[in-house]
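Following my numbering, the numbering of the sequence shown begins with -11 at its first residue and continues without gaps. Here is the structure we will look at.
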Amino acid sequence: MATMKIKKGDLVKVIAGKDKDKEGKVIAVNMKKNTVLVEGVNMVTKHSKPSMANQQGGIVHQEGPIDISNVMYVHKGKATRIGFKMDGDKKVRFAKSTGDVID
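Below, the structure written as structure tokens:
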């Protein structure tokens, strides 16, 4: 299985869609569907019934999934592509614009 270039906790910028140019932190990554959940982006309205966990019920606003191709990693305030390289015997991500190792 291929490694994802975007990981949970990364700061990303939306490059396409209704929320274009918004930035946020990645909450979750779905590798099977190639989607990400970004904080404060693609907000959807969900109607929930009252339950034991949510006594009140009602309308809940939450993030919806975005295709991973519509987000770009933000490095030093700029959106950049990500590549992989070997750092000794460890595979690391690096920013293609600067060549800096991300993690």
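From the three backbone atoms N, C-alpha and C, an ideal C-beta is built for every residue, glycine too.
In this structure, the beta-carbon distance from Val26 to Gly45 does not fall below 7 Å. A distance below 7 Å separates the beta carbons of Val48 and Ser36. Annotation: the continuous beta strand (DSSP E) that includes Gln50 extends over Gly46 to Glu51. Under the three-state reduction of DSSP, Ser85 is assigned to coil, being neither helix nor strand.
Excluding sequence positions up to five before and after Lys10, its CB lies within less than 6 Å of the CB of Val2 and Val29, all in the same chain and listed in chain order.
Note: Met31 is bridge-paired with Glu51 in the DSSP secondary-structure output.
Residue Val62 holds the alpha-carbon nearest to the alpha-carbon of Ser85 among Val32, Gly52 and Val62.
Assignment of beta-bridge partners to Ile70 by DSSP yields Ala83. Asn58 sits in a helix when the DSSP states are folded into three classes. Looking from the CA of Gly87, the closest CA among Ile70, Asp77, Lys78 and Lys79 belongs to Ile70.
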